[in-house]
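Chemist:
Number of protein chains: 2
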Amino acid sequence: MTVQDNDLLLERQLCFGLSVASRSVIAAYRPVLAKLSLTHPQYLVMLALWEQAPRQVKDIGGALLLEPATLSPLLKRLEALGYVTRRRSEEDRRALAVDLTPAGAALREKALSVPGTMLARLGLDRDSAIALHHSMTALIEAATRADGVADN
Amino acid sequence: MTVQDNDLLLERQLCFGLSVASRSVIAAYRPVLAKLSLTHPQYLVMLALWEQAPRQVKDIGGALLLEPATLSPLLKRLEALGYVTRRRSEEDRRALAVDLTPAGAALREKALSVPGTMLARLGLDRDSAIALHHSMTALIEAATRADGVADN
DNA sequence: CGGCATTAGTTAGTGCACTAAGTAAGACGG
DNA sequence: CCGTCTTACTTAGTGCACTAACTAATGCCG
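Residue numbers (the numbering used here), protein chains in the order written: chain S, 1 to 152; chain D, 153 to 304.
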């Protein structure tokens with residue numbers, strides 16, 4: 001078995017570990033978020049709106065690194081749930097002003113317990129969580145930078 | 153701003169960072185894997201088969217932590233690509249024996265360069281990759297263990 | 001002004017991932 | 001044996017995520 005052959009195994013552990021970890025953690029969120037009637041991506045959008053509202057689709061997409069085409073139907077589902085409103089902006093009628101409804105704003109109170117619950121579920125203390133966050137940030141930075149580069 | 157309010161921000165960084173990192177890294181793989189005509193999940197299945205073939209759907213699912221319902225159509229696409237065969241097992245006609253075609257086995261040679269290319273693209277050395285892998289493994293372990301636990 | 005490129009969202013199409021329900025084959029107890 | 005339980009996979013339905021193509025509003029330049 002050559003060095004490259006070994007890489008094919010190691011590498012499986014790495015890229016693979018990342019996607020499995022992501023799916024596993026999202027799965028761990030599922031029952032917790034179900035109490036808010038939210039999926040994980042919907043939860044992230046709500047977090048973005050709780051930090052600032054109203055926001056444009058483009059702005060939310062920039063914050064979450066999601067394509068407008070992904071957000072468009074997701075936001076309609078949040079609207080159907082009664083958590084957000086979608087209306088064209090007055091100043092620029094191309095832009096959509098996504099805002100919280102009273103129910104959406106109120107949901108924040110119920111969401112306050114989510115982080116604590118999840119850290120406990122995952123058995124993480126703040127330090128590990130922060131360390132993990134640093135790794136993820138560095139990876140994101142490297143991966144998005146790699147996007148523009150011509151590879152061979 | 154209370155401690156819990158702060159958590160809602162920190163936590164956004166964590167769970168969120170993980171899923172963004174996963175998507176970003178998969179996106180970085182995309183152009184590399186396109187040369188093999190594979191998506192990232194398809195690549196993971198091929199890695200599993202290069203390690204051992206033939207394998208049952210259940211077995212592959214166990215290795216990749218994927219539901220049979222996810223693999224079923226994915227394997228049909230790999231079959232359509234000419235990389236694998238799907239036929240009922242002789243011993244147990246419920247089970248599907250997923251095996252490599254000559255083209256699928258040959259593809260492994262082209263895949264040998266992927267790990268190196270990706271580590272370079274992501275600017276990771278082996279040590280960081282291994283450290284990252286440890287974090288991911290611990291997270292997966294914690295998240296899947298949390299699955300069974302009754303939460304409140 | 002008037003035309004034309006740019007920008008913000010939406011729609012269509014493909015593929016992944018999950019849950020729930022269905023089918024078919026093996027296993028097992030009476 | 002025969003019915004029942006279990007197991008392996010498939011199908012249906014929902015939702016996320018991406019690319020490409022489209023619509024509509026804005027901005028800009030001559």
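Where is the CB? At the ideal position from N, CA and C, for every residue including glycine.
How about D:S174 and S:L18: do their beta carbons lie closer than 8 Å?
Modeler: For D:S174 and S:L18, yes; Cβs fall inside 8 Å.
Chemist: Are there three or more Cβ pairs, one per stretch, closer than 8 Å when the segment 203–211 of chain D is compared with the segment 180–195 of chain D?
Modeler: Flag = no, the segment 203–211 of chain D and the segment 180–195 of chain D do not touch.
Chemist: Mark D:I292 as exposed unless 16 or more other C-beta atoms lie within 10 angstroms of its C-beta, in which case mark it buried.
Modeler: Per the 10 Å Cβ criterion, buried.
Chemist: For a contact meaning CB atoms closer than 8 Å, what does S:V20 contact in chain D?
Modeler: Result: L216, L217, M288, I292.
Chemist: Please report how far the alpha carbon of D:L276 lies from the alpha carbon of S:L9, in whole angstroms.
Modeler: Rounded to whole angstroms, D:L276 to S:L9 spans 16 Å at the Cα level.
Chemist: When the distance is taken between beta carbons, is D:A294 closer than 8 Å to S:L119?
Modeler: Against a cut-off of 8 Å, the Cβ pair of D:A294 and S:L119 comes out as no contact.
Chemist: Verify the CB distance criterion: does D:L196 have a CB-CB separation below 8 Å to chain S?
Modeler: For D:L196, the answer is yes, since a Cβ of chain S falls inside 8 Å of its Cβ.
Chemist: Does S:T144 get closer than 8 Å to chain D when you measure Cβ to Cβ?
Modeler: Yes, S:T144 counts as interfacial toward chain D.
Chemist: Is it the case that the Cβ atoms of S:V84 and S:T70 are separated by a distance below 8 Å?
Modeler: No, these two residues do not count as a Cβ contact at 8 Å.
Chemist: Hey, could you find the ends of the alpha helix (DSSP H) D:T237 is sitting in?
Modeler: Careful: D:T237 lies outside any alpha helix (DSSP H), inside the beta strand (DSSP E) at 236–240.
Chemist: Verify the CB distance criterion: does S:A111 have a CB-CB separation below 8 Å to chain D?
Modeler: It does: the Cβ of S:A111 has a partner Cβ on chain D nearer than 8 Å.
Chemist: Could you please give me the residues that DSSP links to D:V197 through a beta bridge?
Modeler: Paired residues: none, contrary to the question.
Chemist: Please classify D:H285 as buried or exposed, where buried requires at least 16 neighbouring CB atoms within 10 angstroms.
Modeler: Per the 10 Å Cβ criterion, buried.
Chemist: Classify D:R245 as helix, strand or coil using the three-state DSSP reduction.
Modeler: D:R245 falls in the coil class under three-state DSSP.
Chemist: Quick one, are the C-beta atoms of S:V25 and S:L78 less than 8 Å apart?
Modeler: No, the Cβ-Cβ distance between S:V25 and S:L78 is not below 8 Å.
Chemist: Report the start-end ranges of each alpha helix (DSSP H) in the segment 17–71 of chain S that is 4 residues or longer and not cut off at the edges.
Modeler: Correct list: 40–51, 57–64.
Chemist: Please name the residue in S:D92, S:R12, S:E90, S:L81 whose C-alpha comes closest to that of S:A103.
Modeler: Residue S:L81 is the option with its Cα nearest to S:A103.
Chemist: So the alpha helix (DSSP H) D:T269 belongs to, where does it begin and stop?
Modeler: 266–274 is the span of the alpha helix (DSSP H), which, as asked, contains D:T269.
Chemist: For chain S, is any of its Cβ atoms less than 8 Å away from the one on D:D159?
Modeler: Yes - at least one Cβ of chain S is within 8 Å of the one on D:D159.
Chemist: Tell me the rounded alpha-carbon separation between D:T269 and S:A146.
Modeler: The alpha-carbon atoms of D:T269 and S:A146 are separated by roughly 11 Å.
Chemist: My understanding is that D:Q208 touches D:A247, with C-beta atoms under 8 Å, so please give their C-beta distance in whole angstroms.
Modeler: Yes, they are in contact, since the Cβ atoms of D:Q208 and D:A247 sit about 5 Å apart, within 8 Å.
Chemist: Of all the options S:R126, S:E67, S:L33, which has the alpha carbon lying nearest to the alpha carbon of S:K110?
Modeler: Of S:R126, S:E67, S:L33, the residue nearest in Cα terms is S:L33.
Chemist: Of the residues that make up the segment 84–104 of chain S, which ones have a beta carbon closer than 7 Å to any beta carbon in chain D?
Modeler: Going along the segment 84–104 of chain S in chain order, one finds no residue with a Cβ nearer than 7 Å to chain D.
Chemist: Can you tell me the Cα-Cα spacing of S:P31 and D:R278, whole angstroms?
Modeler: Taking the straight line from one Cα to the other gives about 36 Å.
Chemist: Distance check for D:S265 and S:V114, CA to CA, integer angstroms please.
Modeler: Taking the straight line from one Cα to the other gives about 42 Å.
Chemist: For D:V177, go through chain S and note every residue whose CB falls closer than 7 Å to its CB, in chain order.
Modeler: Within chain S, the residues near D:V177 are C15, L18, L139, A143.
Chemist: Run down chain D in chain order and give the residues with a C-beta less than 8 Å from the C-beta of S:L132.
Modeler: Simply L166, G169, L170, S287, L291.
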